[in-house]
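Report on the following structure.
Chains as they are written, first to last, in the working numbering: chain A, 50 to 334; chain B, 190 to 528.
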């Protein structure tokens, strides 16, 4: 009898011990995860602080050993990101609209959704190769336009996904009410569904911008890079990620410093965008 | 009107407007027909956009196949098994990048999966309510940081740290143990397979965490409460109730993370060292498919060189497509189960 209780309490102690070990591990894992985030952001701030000055935003990328800034890559990144979003967003929204409003119960919508999800997480360097084959090789030279196209291809799946998800959340009663009033379907989508899903759709676009503004791989062999200031979309164009890549791997200390500054600009732009997107989608609930 | 197909309720807007018995004034009829045309045009445009997504994928696959054809014709099946990578003699084989890609991804998953599940356990079972949202957001911010930032951080912070502190320790520790000796052989370069795997693990962690958190939270509370009521400890509830219920979803999340790790380019390019050889040591520099393309594509001269790099891209696409398709299939199944 006492034997049984002893073994029972021993068993219970063992179970409690295992529980305590796992819980401690899980606490530690979370602490390490957060620690890494702090470490990365901390390094970024400390390292970039040394190179940060007004010159970063007013001067062009320097040759090694000289003073300079990141004006041309910043402008290049902005142009290509904006153009990429302008090309990709309408296609994404329209495709998402079809999937949620017209073809919701079609077989082909399932296929498109599946393919879109694959595109969503496909390696971005593949998109770079694709646009190289499609645009750069026939044209014979790298161009900012090709870079924008590559970014647009990355925007489409993100926007398709969020548009469809958000339109799916629009209550059916709203659609029925507008149809009952005799509203044609296209106006119903434009005036009722888009309006109801607006916050979520804007969130999707913001997330897409956040995603492409940090993308490097698809730009490497589409827009290439440019040491000089250029607004010509038909010529190679500098971008922040490409310049960071080039400067960080160089042996020159001042280039590496500028790479850190560029890294900080991108990180905070991206984090700012994703926090903005979060507050947008959060404010709706 | 054409015969009825499967339609949702809201499809009936126009017919009901035109089926009134009253004669319709000409101006109104005109307005209505214009609306109908607009409607049909909008419908067609959205359909074209939706099919564009399908065309996009086929175009990507098609362009990769066309681009890769010269190399594949020249090297045939040997492209997959050869370790040579010689731009001068134009002799290319994909063995080293394939090896590097798979090894770094597997090690990354071995680290990130337990970590991710432990963090999920913390977030869903232990963490006080008010802390859940901030910690969850912080972990997801990790996912938002662009990969080039991980690269530059890995190169300037992680690699020197590993070189100075961790790798010599590993070499000392395993230097005399038969099998492990070969895994940790060679000088501590700092950059290499191990460093790349660590960076990949950090990058994949938030994906695994956020998906498994969604899946863990989808477990009916009744099941968990019943288990707690029977006297289960927290760990036992997770081990015997939550994990079995969430298994398919968790595996889907892991596969999605694996897809990311396989295709990750910039972060790996910074820290892998770009050496075209298959090395048994984890401390040695290596290369992956994506980093080979990123490093060499713009400098590739000649049709065969470019084509070989595109063939690598095709290979990467095939591998990630298979992994991602499996992941999506599993995640879809769990969605279906939830209704």
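Backbone N, C-alpha and C fix where the C-beta goes; we use that ideal spot for every residue, glycine too.
Note that the structure is predicted; figures quoted are calculated from it, not measured.
- Item | Straight-line Cα distance separating residue 488(B) from residue 240(B) | Here residue 240(B) is taken as the residue at index 51 of the second chain, counted from 1. Here residue 488(B) is taken as the residue at index 299 of the second chain, counted from 1. Cα-Cα distance, rounded: 36 Å.
Worksheet entry | N-terminal and C-terminal residue of the alpha helix (DSSP H) that residue 430(B) is part of | Taking the first residue of the second chain as 1, we reach residue 430(B) at position 241. Segment: none, residue 430(B) is in no alpha helix (DSSP H) and carries neither H nor E.
| What number of angstroms, rounded off, separates the C-alpha of residue 316(A) from the C-alpha of residue 297(A)? | Taking the first chain and counting its residues from 1, the one referred to as residue 316(A) is at position 267. Taking the first chain and counting its residues from 1, the one referred to as residue 297(A) is at position 248. Their backbone Cα atoms lie some 15 Å apart in a straight line.
inquiry  = Could you check whether the Cβ of residue 104(A) sits closer than 9 Å to any Cβ belonging to chain B?
reply    = Translated into the one-based positions of the first chain, residue 104(A) becomes position 55. No, because no Cβ of chain B sits closer than 9 Å to the Cβ of residue 104(A).
Cβ neighbours of residue 132(A) in the same chain (closer than 6 Å, five flanking residues each side left out): By 1-based counting over the first chain, the position of residue 132(A) is 83. Answer for residue 132(A): 197, listed in chain order.
Residues that residue 505(B) contacts on chain A, provided the C-beta gap is smaller than 9 Å: Here residue 505(B) is taken as the residue at index 316 of the second chain, counted from 1. Ordered by position in chain A, the residues that pass the 9 Å Cβ test against residue 505(B) are 172, 174, 175.
Using the beta-carbon of each residue, which ones in chain A are nearer than 8 Å to residue 225(B)? Here residue 225(B) refers to the residue found at position 36 when the second chain is read from its first residue. Going along chain A in sequence order, the residues near residue 225(B) (Cβ under 8 Å) are 233.
ask   = Taking Cβ-Cβ distances shorter than 9 Å, what residues in chain B pair up with residue 163(A)?
value = By 1-based counting over the first chain, the position of residue 163(A) is 114. Going along chain B in sequence order, the residues near residue 163(A) (Cβ under 9 Å) are 514, 517, 518, 521.
| Just reading off the alpha helix (DSSP H) that residue 151(A) is part of, what are its end residues? | Taking the first residue of the first chain as position 1, residue 151(A) is located at position 102. Looking at the DSSP string, residue 151(A) is not in any alpha helix (DSSP H), and its letter there is neither H nor E.
Exercise. What residue from 184(A), 144(A), 193(A) has the CA that sits closest to residue 216(A)'s CA?
Worked result: As a first step, residue 216(A) is located in the first chain; it is residue number 167 there, counting from the start. Per the Cα distances, 144(A).
Task: residue 293(A): contacting residues in chain B (beta-carbon distance under 8 Å) - done: Stepping through the first chain from its first residue, residue 293(A) is reached at position 244. Result: 337, 341.
CB contact below 9 Å: residue 497(B) versus chain A
Position 308 of the second chain holds residue 497(B). No, no contact with chain A.
Three-state class that DSSP yields for residue 191(A) in the structure shown
The residue you call residue 191(A) lines up with position 142 of the first chain. Note: residue 191(A) maps to coil in three-state DSSP.
Hey, residue 251(B) and residue 175(A): beta-carbon distance below 9 Å or not? If you number the second chain from 1, residue 251(B) lands on position 62. If you number the first chain from 1, residue 175(A) lands on position 126. Against a cut-off of 9 Å, the Cβ pair of residue 175(A) and residue 251(B) comes out as no contact.
Check: Can you name, in chain order, every residue of its own chain whose Cβ lies under 6 Å from the Cβ of residue 191(B), other than the five neighbours on each side?
Finding: Here residue 191(B) corresponds to residue number 2 of the second chain, with the count starting at 1. With a pLDDT of 42 at residue 191(B), under the threshold of 50, the predicted position of this residue should be treated as unreliable, though the coordinate-derived value follows. Nothing meets the Cβ criterion.
Any alpha helix (DSSP H) of 4 or more consecutive residues that is wholly inside the segment 436 to 502 of chain B = 455 to 460, 478 to 485
* **Proximal residues of chain B, C-beta to C-beta of residue 182(A) below 8 Å** => Taking the first chain and counting its residues from 1, one reaches residue 182(A) at position 133. Those are 252, 253, 255, 256, 499, listed as they occur along chain B.
I'd like to check one pair, residue 272(A) with residue 10(A): are the Cβ atoms closer than 9 Å? The shown model of chain A, from 50 to 334, leaves out residue 10(A), and the question about it has no answer.
Margin query: Would the segment 465 to 482 of chain B count as touching the segment 268 to 287 of chain B if we require 3 or more Cβ pairs under 8 Å?
Written below: yes
| said: Please list the terminal residues of the continuous alpha helix (DSSP H) segment that includes residue 116(A). | reply: In the first chain, residue 116(A) corresponds to position 67, counting from 1. Neither: residue 116(A) is in no alpha helix (DSSP H) and is coded neither H nor E.
Minimum Cβ-Cβ distance from residue 403(B) to chain A less than 9 Å: Taking the second chain and counting its residues from 1, one reaches residue 403(B) at position 214. Output row for residue 403(B): interface = no.
*Would you kindly check if the distance between the Cβ of residue 471(B) and the Cβ of residue 330(B) is under 9 Å?*
Here residue 330(B) refers to the residue found at position 141 of the second chain. Here residue 471(B) refers to the residue found at position 282 of the second chain. Not a contact, by the Cβ cut-off of 9 Å.
- Query: What in chain B is Cβ-close to residue 290(A), meaning under 8 Å?
  - Reply: Looking up residue 290(A) in the first chain gives position 241. Correct list: 335, 337, 455.
TODO: Grab me the residues of residue 335(A)'s own chain with a C-beta within less than 6 Å of its C-beta, minus the 5 sequence neighbours each way, in chain order.
DONE: Residue 335(A) cannot be examined here, being either before or after the span of chain A that is shown, 50 to 334.
Short-range partners of chain A found in the segment 412 to 425 of chain B, where Cβ spacing is below 8 Å: 422, 423, 424, 425
Check: If we count the other Cβ atoms within 10 Å of its Cβ and call it buried at 16 or more, is residue 102(A) buried or exposed?
Finding: Counting from 1 along the first chain, the entry for residue 102(A) is found at position 53. So residue 102(A) ends up on the exposed side.
Q: Counting only runs of 3+ residues fully inside the segment 204 to 284 of chain B, write out the beta strand (DSSP E) ranges in chain order.
A: none
message = Beta carbons nearer than 9 Å to chain A: which residues of the segment 302 to 325 of chain B have them?
response = 303, 304, 305, 306, 307, 308, 309, 310, 311, 312, 314, 315, 316, 324
(request) Using a cut-off of 9 Å between C-beta atoms, extract the partners of residue 270(A) located in chain B. (result) Residue numbering aside, residue 270(A) sits at position 221 when the first chain is read from its first letter. Chain B residues near residue 270(A): 482, 483, 486, 487.
For residue 206(A), which residues from the same chain have a beta carbon less than 7 Å from its beta carbon, with the 5 sequence-adjacent residues on both sides left out?
Within the first chain, numbered from 1, the residue matching residue 206(A) stands at position 157. Result list for residue 206(A): 165, 168, 169, in chain order.
Note to self: Using the three-state DSSP reduction, which class does residue 288(A) fall into: helix, strand or coil?
What the structure shows: As a position in the first chain, residue 288(A) is number 239, starting the count at 1. If DSSP states are grouped into helix, strand and coil, residue 288(A) belongs with coil.
Whose C-beta lies closer than 6 Å to the C-beta of residue 86(A) among residues of the same chain, with five residues either side of it excluded? Residue mapping note: residue 86(A) aligns to position 37 of the first chain, counting from 1. There are no such residues.
Hey, does residue 255(A) have any beta-carbon neighbour from chain B nearer than 9 Å?
Taking the first chain and counting its residues from 1, the one referred to as residue 255(A) is at position 206. For residue 255(A), the answer is no, since every Cβ of chain B falls outside 9 Å of its Cβ.
| query | Which residue spans inside the segment 236 to 288 of chain A form an unbroken alpha helix (DSSP H) run of at least 4? | reply | 247 to 262, 266 to 269
- Can you name, in chain order, every residue of its own chain whose Cβ lies under 6 Å from the Cβ of residue 337(B), other than the five neighbours on each side? Sequence index remark: in the second chain, residue 337(B) carries index 148 (1-based). Excluding positions up to five away in sequence, the list reads 455.
*Compare the beta carbon distance of residue 358(B) and residue 171(A) with 9 Å and say whether it is the shorter of the two.*
Numbered from 1 along the second chain, position 169 holds the residue referred to as residue 358(B). Numbered from 1 along the first chain, position 122 holds the residue referred to as residue 171(A). Against a cut-off of 9 Å, the Cβ pair of residue 171(A) and residue 358(B) comes out as no contact.
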